[in-house]
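Q:
Protein chains: 2
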Amino acid sequence: MDGTGSDAPTGALGASRPRLEDVAARVGLSTASVSLVLRGVPGPSERTRQRVLKAAADLGYRPDRTASALASKRSRLLGVMIDVHSAFQAELVEHLHTAAEEVGYDLVLSTHTRTRTESTAIETLLAFRCEALILLGPVAPAAVLADLGRQVPVISLGRRVSGAGLDVVRSADDDGVGQIVDHLVGLGHRAIVYVDGGKGVIATDRRRGYRAAMRGHGLDAQIRILHGDLTEEAGDRVGKHLLDSGDLPTAVVTFNDRSAIGMLTALRGAGVAIPGEVSVVGYDDDTLSRLTCFDLTTVSQEAEEQARQAVLAAVERLDRGRSASREIVLAPSLVVRGTTAPPR
Amino acid sequence: MDGTGSDAPTGALGASRPRLEDVAARVGLSTASVSLVLRGVPGPSERTRQRVLKAAADLGYRPDRTASALASKRSRLLGVMIDVHSAFQAELVEHLHTAAEEVGYDLVLSTHTRTRTESTAIETLLAFRCEALILLGPVAPAAVLADLGRQVPVISLGRRVSGAGLDVVRSADDDGVGQIVDHLVGLGHRAIVYVDGGKGVIATDRRRGYRAAMRGHGLDAQIRILHGDLTEEAGDRVGKHLLDSGDLPTAVVTFNDRSAIGMLTALRGAGVAIPGEVSVVGYDDDTLSRLTCFDLTTVSQEAEEQARQAVLAAVERLDRGRSASREIVLAPSLVVRGTTAPPR
DNA sequence: ACCAGCACTTAAAGCGCTTTAAACGAGCTT
DNA sequence: AAGCTCGTTTAAAGCGCTTTAAGTGCTGGT
């Protein structure tokens, strides 16, 4: 150790690391044998296997993905497009990682942001030669996704895409909202307002779920949908609007947890007791919603299961030759916390 | 369009896409020329250039990163390790993306989670042959990072790492907290409590900043530090503790915005007017803090500038041969919003 | 005419790995 | 002794690109 504090490598790829050939030379075998051993392909004798493994370890050999991808024409890479700002998607990524690892694939993440479009993110994934793409809540038109799906297996996670030949893994959003309404009605609520989440496919499903459930309980007349979007901001705004209108419902259901948190803050800030005077419910079971300071009743989307199913769908196409598209709809589950109670 | 909904590719890499050779054949040139044109290397004539570009476009040619990385021994990839759960890091990633793009590099993201250690995340990055690593708030011991830095240029973003030969880009955390204290004292506060953020390097710096600033104002006797951590949970807990103690200060400074939000909720929930009775300040200028429902006074870390500097540091090492390590310390800036006011 | 110099263009040798067909011995038959 | 099989190993041909030295055909100077 020279401790000069300035001995970091400067060149492109640093000192050349050991190659397959170096390992082979060390044990006096061909690179072919070493390759077979290292990939766990049956063939080499036990003795060879041990010697190779030892040599590789001694040399600190680590295969070069780039080279093996090129040679094998398999990258064993799944491309994941995310919105790096979404807490829920962050959670999905975590589960995708473990699921992919279990089946021997690696993930490459690409994010779309205000300054980076969805298609740029996808381009990047394609340039890495990902074998399949898992898109989290893609917003691109179905036709575009269908096109993409013709080049590479595509799994849409969270968003319904009909007739595009893609695989879809999602949870039954309408059912989720239905469960919320059932829960509230069960507590005795009737004046249940819904704060909408915009014009996306998911928002449509949830809104429909609200309508259907209200009608199912004979509350057609009580259906009341307020304009909102995906942010805390929207919840706050709608909350203030409700307060101003002087026509507070006994329960508010919002498109997602973020919106619910805005709503919560607006109402509490105005001295409204929750759940004493008004019950509030969100959707997503966001990390935020679990905090004791919010303690929000919400709906869990079973992130782990969705992730597992998405990876499974990819593997079925890649390794098991499935070619027909599949849609997997999971049942969401209500998580009752502290923001719901019988109406006063 | 056959619209059967089941025509997605099933094989490993889908139908083989056009190669350099195909483009070359189409214009009757060698692959060498095409490669030169496509990479914008000077040499080919204008006429050739045009024809190649057209042919490539017609064929929908997209270079194979894997192959070119292998051949050129340059991946032009920067590895970024993030904690996918952090909103602030998400923002950094966004800026890193644009900064990297400007200098012709691409990013590969790897995340560490509860189930995926920091070193696994780094291994992945290395396997992709990233030319430099940008680690967001790494927690590994300095010695480990120093070791890594011997293999590949490493930039620690946000965390101070002394004498390990790495580049560091961070903001002056002590100064940031100092600015907060100055602001509060300027408003007339004296009883200013600090809620700590644990035992990390960053927490240490901020705590020190608080102490120094208090002393600077002759408020040694008022120094009061409460145990906390990085979560909303902690803020909430400490807030309740303050309420119970019956000894409310006139201002509370917390380690980060998340903690501040917990604090805010706890105090408001107990009917304490903010900023009327107590002022609250966070740190990070988190997306959350900007919401009208929190409207938190906080300190901005200049995410964009930090990202730009980190990429610059990498490029200096990779393309400009710098070998001495560098530490870039940016000045944070106070963002005054609605949770601070003169004491009652 | 001849060659130097210039502007382009290209053949060919890899990059570090995978993969396939072929080679090799050793142990069996017949 | 020739022929077979079987288990193990390997030579060699790529994967799709980059890169370098060597080519080509010009022009213009002498």
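In order, the protein sequence lines correspond to chains S and F. Count the first sequence with this note's numbering and you get residues 338 to 681, in order. Count the second sequence with this note's numbering and you get residues 338 to 681, in order. Yeah, the Cβ is synthetic: ideal placement off N, Cα and C, and Gly gets one too. As the structure is a prediction and not an experimental result, all values here were calculated from the model.
(1) Only counting runs of 4 or more residues, tell me where the alpha helix (DSSP H) segments fall wholly within the region 353 to 414 of chain S, in order along the chain.
(2) Buried or exposed, going by whether 16 or more other CB atoms sit within 10 Å of the CB of S/H526?
(3) What separation, rounded to the nearest whole angstrom, lies between the Cα atoms of F/R413 and S/R552?
(4) Could you tell me the alpha carbon to alpha carbon distance between F/D484 and S/R354, rounded to whole angstroms?
(5) Less than 7 Å separating the beta-carbons of S/A651 and S/I492?
(6) Under 7 Å, do F/A404 and S/L407 count as touching if we go by C-beta distance?
(7) Just to make sure I have the definition right: I need the residues of chain F whose C-beta is within less than 7 Å of the C-beta of S/L407. Which are they?
(8) Report the start-end ranges of each beta strand (DSSP E) in the region 516 to 545 of chain F that is 3 residues or longer and not cut off at the edges.
(9) Taking 6 Å as the cut-off, is the CB of S/L521 close to at least one heavy atom of the ligand NAD?
(10) Could you give the residue range of the beta strand (DSSP E) that holds F/I492?
(11) Assuming S/V618 and S/T634 form a contact by the criterion Cβ under 8 Å, report the distance between their Cβ atoms to the nearest whole angstrom.
(12) Check the Cβ-Cβ distances between S/L628 and every residue of chain F, and say whether any is below 7 Å.
(13) For F/A668, name the three-state secondary structure that DSSP assigns.
(14) Between the region 561 to 592 of chain F and chain S, which residues of the former have a C-beta closer than 7 Å to a C-beta of the latter?
(15) Starting from the N-terminal side, write out each stretch of the beta strand (DSSP E) that is 3 residues or longer and does not extend beyond the region 546 to 586 of chain S.
(16) Do S/A320 and S/V648 have their C-beta atoms within less than 7 Å of each other?
(17) Alpha carbons only, please: which of S/T591, S/G523 and S/R548 is nearest the one belonging to S/D622?
(18) At a Cβ cut of 9 Å, what residues of the region 421 to 455 of chain F count as close to chain S, listed as they run along the chain?
(19) Name the chain S residues that come within less than 8 Å of F/R466, Cβ to Cβ?
(20) Give the residues of chain S in contact with F/A603, contact being defined as C-beta atoms less than 7 Å apart.
(21) For the alpha helix (DSSP H) that contains F/A610, what are its first and last residues?
(22) What residues in its chain sit with their C-beta under 7 Å from that of F/R681, if we drop five residues either side in the sequence?
(23) Residues of chain S with a CB under 9 Å from the CB of F/G599: which are they?
(24) List the endpoints of the continuous beta strand (DSSP E) containing S/V618.
(25) Of the residues F/E664, F/D632, F/A678 and F/S367, which one's Cα is nearest the Cα of F/L503?
(26) Going by DSSP, name the residue or residues bridged to F/G416.
(27) Are the CB atoms of F/R561 and F/V530 nearer to each other than 7 Å?
(28) Does the structure place the region 570 to 589 of chain S close enough to the region 537 to 555 of chain S that three or more beta carbon pairs sit under 8 Å?
(29) Rounded to whole angstroms, how far is the Cβ of F/L494 from the Cβ of F/I471, which I believe are closer than 8 Å?
(30) Could you list the residues in the region 630 to 661 of chain F with a C-beta less than 8 Å from some C-beta on chain S, going in chain order?
(31) Should F/Q643 go down as buried or exposed, given a rule of 16 or more other Cβ atoms within 10 Å for buried?
(32) Are the region 424 to 436 of chain F and the region 437 to 456 of chain S touching, with three or more C-beta to C-beta distances below 8 Å?
(33) What span of residues does the alpha helix (DSSP H) with F/T591 cover, start to end?
(34) Closer than 9 Å by beta-carbon distance: list the chain S residues that pair up with F/T461, in chain order.
(35) In the DSSP assignment, find the beta strand (DSSP E) that holds F/D504 and state where it starts and stops.
A: In short:
(1) The region 353 to 414 of chain S contains, as complete alpha helix (DSSP H) runs of 4+ residues, the segments 357 to 364, 368 to 375, 383 to 396 and 402 to 409 (chain order).
(2) Burial call: buried.
(3) Taking the Cα positions, F/R413 is about 57 Å away from S/R552.
(4) Between F/D484 and S/R354, the alpha-carbon positions lie close to 15 Å from each other.
(5) Contact flag set, yes.
(6) The Cβ atoms of F/A404 and S/L407 sit closer than 7 Å to each other.
(7) Going along chain F in sequence order, the residues near S/L407 (Cβ under 7 Å) are T403, A404 and L407.
(8) With a minimum length of 3 residues, the continuous beta strand (DSSP E) runs that stay inside the region 516 to 545 of chain F are 529 to 532.
(9) You won't find the ligand NAD in this model; it holds no ligand whatsoever.
(10) Per DSSP, F/I492 belongs to the beta strand (DSSP E) from V491 to L494.
(11) Sure, about 5 Å apart at Cβ, within 8 Å.
(12) So, interface residue.
(13) DSSP places F/A668 in the coil class of the three-state scheme, outside both helix and strand.
(14) Residues are counted here when their Cβ sits less than 7 Å from a Cβ of chain S; for the region 561 to 592 of chain F these are E569, E570 and D573, given in chain order.
(15) DSSP runs (the beta strand (DSSP E)) wholly in the region 546 to 586 of chain S: 561 to 563.
(16) The structure shown does not extend to residue 320 of chain S, since chain S is modelled only from 338 to 681, so the question has no answer here.
(17) When C-alpha distances from S/D622 are compared across S/T591, S/G523 and S/R548, the shortest belongs to S/T591.
(18) Across the region 421 to 455 of chain F, CB contacts with chain S closer than 9 Å involve V421, H422, S423, A424, Q426, A427, E428, V430, E431, H432, H434, T435, E438, D443, L444, V445, L446, S447, T448, T450, R451, T452 and R453, in sequence order along the chain.
(19) Ordered by position in chain S, the residues that pass the 8 Å Cβ test against F/R466 are L350, D401, R402 and T403.
(20) Under the 7 Å cutoff, chain S gives C630.
(21) Annotation: F/A610 is outside any alpha helix (DSSP H) and is labelled neither H nor E by DSSP.
(22) Correct list, in chain order: G613 and E614.
(23) Correct list: L628, T629 and C630.
(24) That run of the beta strand (DSSP E) goes S616 to V618.
(25) By alpha-carbon distance to F/L503, the top candidate from F/E664, F/D632, F/A678 and F/S367 is F/E664.
(26) Listed as beta-bridge partners of F/G416 by DSSP are F/V445 and F/L470.
(27) Taking a C-beta distance under 7 Å as the contact criterion, F/R561 and F/V530 qualify as a contact pair.
(28) Counting Cβ pairs under 8 Å, fewer than three are found: no touch.
(29) Sure, about 6 Å apart at Cβ, within 8 Å.
(30) Listed by position along the chain: C630, F631, R654, L655, G658, R659, S660 and A661.
(31) Per the 10 Å Cβ criterion, buried.
(32) Output reads yes: the region 437 to 456 of chain S touches the region 424 to 436 of chain F.
(33) From DSSP, F/T591 is part of no alpha helix (DSSP H) but of the beta strand (DSSP E) over A588 to T591.
(34) Residues of chain S whose Cβ lies closer than 9 Å to the Cβ of F/T461 are, in chain order, D443 and L444.
(35) That run of the beta strand (DSSP E) goes D504 to S508.
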